[in-house]
Amino acid sequence: MSSARLRRVAVLVLEGAKPLDVGIPAQVFTTRASMPYEVRLCGAAPGLVTGGDGLSYHVADGLDALAWADIVFLPGYRFPDREDPPQGVLDALITAHDRGARLAAISTGAFALAATGLLESKRATTHWHYTRALAAKYPLVNVDENVLFVDEGSVLTSAGAASGIDLCLHILRGDLGVAASNHAARRLVAAPYRSGGQAQYVPRSVPEPLGERFAATREWALHRLGEPLTLETLARQAAVSPRTFSRRFVDETGYTPMQWVMRARIDMARELLERSERSVEQIAADVGLGTGANLRLHFHRLLGTTPSEYRRTFAQGE
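Going by full-length UniProt numbering, the sequence shown opens with residue 1, and the numbers climb by one from there.
Below, the structure is given as structure tokens:
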């Protein structure tokens with residue numbers, strides 16, 4: 001294949017870069033007959049870059065690779081909320097973008113992309129652990145914490161490392177079509193398509209408590225999610241007034257009592273979808289949501305997907 005026809009991909013390795021995040025675009029876009037791409041790993045300067053997780057990288061190219069590339073990937077890196085990349089890196093990213101290159105961030109690489117100002121007034125995502133930090137540091141960015149990736153045209157962002165594969169396949173699909181994307185997915189032994197709007201599936205949607213005053217009440221409720229649970233019922237179990245219970249519960253968990261109950265019910269539904277063959281209607285009754293329609297409504301509101309799609313993705317043995 002003529003090099004003139006190759007699409008140019010630069011992977012920008014920053015200090016603290018995460019190895020999987022670096023490897024994903026390098027492997028997905030590796031040059032082969034079915035993949036008309038050329039990949040270069042680069043850094044702020046050629047040479048050794050100290051990475052995260054005990055690894056370092058020797059990159060042959062510096063920022064000149066960004067002037068060469070059609071697509072620039074920004075892999076995630078450690079402690080992204082502490083310090084921005086060097087100004088020279090940010091300027092090179094802006095220049096690459098201004099001449100038409102696409103910039104695609106994987107996981108916490110979104111912080112470096114946000115530092116350029118190119119995400120202002122745009123939707124973006126990052127690893128669920130860092131979404132609040134990204135929103136706090138860059139308040140002009142519309143952070144969506146409940147998606148796998150966001151495509152804003154010339155700037156793209158994705159959640160945790162595995163969703164970087166989804167982002168790369170999405171780019172492939174747009175560049176070369178569905179057949180080429182599916183071929184690459186088979187080569188990677190990856191799911192051929194997960195939409196960007198699909199949820200990140202954080203470990204649990206019920207938040208970790210900030211205090212223990214109502215720990216016993218929460219435990220009591222978790223064993224009775226299939227039963228009617230009202231604010232009054234919970235307050236009576238905690239032996240305080242509904243008003244006091246509601247105020248102090250928010251202080252402990254960050255959620256109102258009924259928001260917490262809904263998230264606990266959705267978590268239970270997730271587990272049943274993964275581990276059982278019960279129908280959506282049966283699961284809705286099991287977790288206290290009454291009907292399948294009600295479960296689907298709240299499931300989509302919290303997770304951005306349907307119970308059926310969730311089951312296809314996570315059912316045991318698949």
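For every residue, glycine included, the Cβ atom is placed at its ideal position computed from N, Cα and C.
In whole angstroms, what is the alpha-carbon distance linking residue 266 and residue 220?
-> As a first step, residue 266 is located in the sequence shown; it is residue number 266 there, counting from the start. As a first step, residue 220 is located in the sequence shown; it is residue number 220 there, counting from the start. In this structure, the CA atom of residue 266 is about 17 Å from the CA atom of residue 220.
Can you tell which of 130, 108 and 8 has the C-alpha that lies nearest to the C-alpha of residue 66?
-> Within the sequence shown, the letter at position 66 stands for residue 66. Among 130, 108 and 8, the Cα nearest to that of residue 66 is on 8.
Cβ-based neighbour list, residue 209, same chain, cut-off 8 Å, excluding 5 preceding and 5 following | On the sequence shown, position 209 is the one that residue 209 refers to. A caution first: residue 209 carries a pLDDT of 45, below 50, which makes its placement in the model too unreliable to give a value.
Which ranges would you report for the beta strand (DSSP E) in the region 128 to 167 if only whole runs of at least 3 residues count?
-> Within the region 128 to 167, the complete beta strand (DSSP E) segments at least 3 residues long are 149 to 151 and 155 to 158, listed from N- to C-terminus.
Residues in its own chain within less than 6 Å of residue 116 by CB, not counting five upstream and five downstream?
-> By one-based count along the sequence shown, residue 116 stands at place 116. Once the five neighbours on either side are set aside, the close Cβ partners of residue 116 are 90, 93 and 94.
Across which residues does DSSP place residue 44 in a beta bridge pair?
-> Position 44 of the sequence shown, counting from 1, holds the residue named residue 44. Checking the DSSP bridge columns, you'll see residue 44 has no partner listed.
Residue 88 classed as buried or exposed, judged by whether at least 16 other C-beta atoms fall within 10 angstroms | Along the sequence shown, read from residue 1 onward, the residue named residue 88 stands at position 88. When all chains shown are included, residue 88 counts as exposed.
Going by Cα to Cα distance, which pick from 137, 126 and 175 is closest to residue 157?
-> For the purposes of this step, residue 157 is taken as residue 157 along the sequence shown, with counting starting at 1. Measuring C-alpha to C-alpha distances from residue 157 to each of 137, 126 and 175 identifies 126 as the nearest.
In or out: residue 170 buried (at least 16 other Cβ within 10 Å) or exposed?
-> Here residue 170 corresponds to residue number 170 of the sequence shown, with the count starting at 1. Label assigned to residue 170: buried.
Can you name the start and end residues of the alpha helix (DSSP H) that residue 97 belongs to?
-> Taking the first residue of the sequence shown as 1, we reach residue 97 at position 97. Residue 97: member of the alpha helix (DSSP H) spanning 87 to 98, first to last residue.
Whole-Å CB distance - residue 80 paired with residue 108, under 8 Å assumed | Counting from one through the sequence shown, the residue named residue 80 turns up at place 80. Counting from one through the sequence shown, the residue named residue 108 turns up at place 108. Going by Cβ atoms, the distance from residue 80 to residue 108 rounds to 4 Å, so yes, they are a contact pair.
If you draw a straight line from the alpha carbon of residue 100 to that of residue 41, how long is it in whole angstroms?
-> Locating residue 100 in the sequence shown gives position 100, where the first residue counts as 1. Locating residue 41 in the sequence shown gives position 41, where the first residue counts as 1. The straight-line gap from Cα to Cα measures roughly 19 Å.
Distance CB(residue 131)-CB(residue 143) smaller than 7 Å | The residue given as residue 131 occupies position 131 in the sequence shown. The residue given as residue 143 occupies position 143 in the sequence shown. In this structure, residue 131 lies near residue 143, with their beta-carbon atoms less than 7 Å apart.
Residue 238 and residue 245: beta carbons closer than 7 Å?
-> For the purposes of this step, residue 238 is identified with residue 238 of the sequence shown, where counting begins at 1. For the purposes of this step, residue 245 is identified with residue 245 of the sequence shown, where counting begins at 1. Yes, these two residues count as a Cβ contact at 7 Å.
Three CB pairs or more closer than 8 Å across the region 30 to 45 and the region 55 to 74 | Touching, yes, given that three or more Cβ pairs across the two stretches are closer than 8 Å.
Taking the alpha-carbon positions, what's the residue 136 to residue 111 distance?
-> For the purposes of this step, residue 136 is identified with residue 136 of the sequence shown, where counting begins at 1. For the purposes of this step, residue 111 is identified with residue 111 of the sequence shown, where counting begins at 1. Each residue's alpha carbon lies about 11 Å from the other.
Would DSSP call residue 39 helix, strand or coil?
-> Position 39 of the sequence shown holds residue 39. Strand at residue 39.
First through last residue of the beta strand (DSSP E) which encompasses residue 111 | Counting from 1 along the sequence shown, the entry for residue 111 is found at position 111. According to the DSSP assignment, residue 111 belongs to no beta strand (DSSP E) but to the alpha helix (DSSP H) extending over 109 to 115.
Where residue 256 and residue 146 are concerned, what is the direct C-alpha to C-alpha distance, given to the nearest angstrom?
-> Residue numbering aside, residue 256 sits at position 256 when the sequence shown is read from its first letter. Residue numbering aside, residue 146 sits at position 146 when the sequence shown is read from its first letter. Cα-Cα distance, rounded: 20 Å.
How many whole angstroms separate the CB atoms of residue 18 and residue 76, which I take to be in contact at a CB cut-off of 8 Å?
-> Reading the sequence shown from its first residue, position 18 is the one you call residue 18. Reading the sequence shown from its first residue, position 76 is the one you call residue 76. Rounded to the nearest angstrom, the Cβ distance from residue 18 to residue 76 is 5 Å, consistent with a contact under 8 Å.
Got a sec, what are the start and stop residues for the alpha helix (DSSP H) residue 29 sits in?
-> The residue labelled residue 29 in the question sits at position 29 within the sequence shown. Residue 29: not part of any alpha helix (DSSP H); DSSP gives it neither H nor E.
Does the separation of the CB atoms of residue 74 and residue 12 fall below 7 Å?
-> Counting from 1 along the sequence shown, the entry for residue 74 is found at position 74. Counting from 1 along the sequence shown, the entry for residue 12 is found at position 12. Contact flag set, yes.
Going by DSSP, name the residue or residues bridged to residue 56.
-> Position 56 of the sequence shown, counting from 1, holds the residue named residue 56. Partner residues in the beta bridge of residue 56, as assigned by DSSP, are 50.
Buried or exposed: residue 241, going by 16 or more other Cβ atoms within 10 Å of its Cβ?
-> Taking the first residue of the sequence shown as position 1, residue 241 is located at position 241. Exposed, by the Cβ-count rule.
Starting from residue 8 and walking both ways along the beta strand (DSSP E), at which residues does that stretch end?
-> The residue given as residue 8 occupies position 8 in the sequence shown. Unbroken beta strand (DSSP E) run through residue 8: 7 to 12.
Among 182, 180 and 148, which has the Cα closest to the Cα of residue 319?
-> Residue coverage of the chain in this structure runs from 1 to 318, which leaves residue 319 outside it and unanswerable.
Since residue 155 contacts residue 119 with CB under 8 Å, what's their CB separation in whole angstroms?
-> As a position in the sequence shown, residue 155 is number 155, starting the count at 1. As a position in the sequence shown, residue 119 is number 119, starting the count at 1. Correct: roughly 6 Å between the Cβ atoms.
DSSP-derived helix/strand/coil call for residue 84 | Indexing the sequence shown from 1 puts residue 84 at position 84. The answer is coil: DSSP assigns residue 84 none of H, G, I, E or B.
Among 301, 128 and 5, which one has its Cα closest to the Cα of residue 70?
-> The sequence position of residue 70 within the sequence shown is 70, counting from 1. Minimum Cα distance to residue 70 is reached at 5.
Residue 307 burial status per 10 Å Cβ neighbour count (16 or more: buried) | Translated into positions along the sequence shown, residue 307 becomes position 307. Classification for residue 307: buried.
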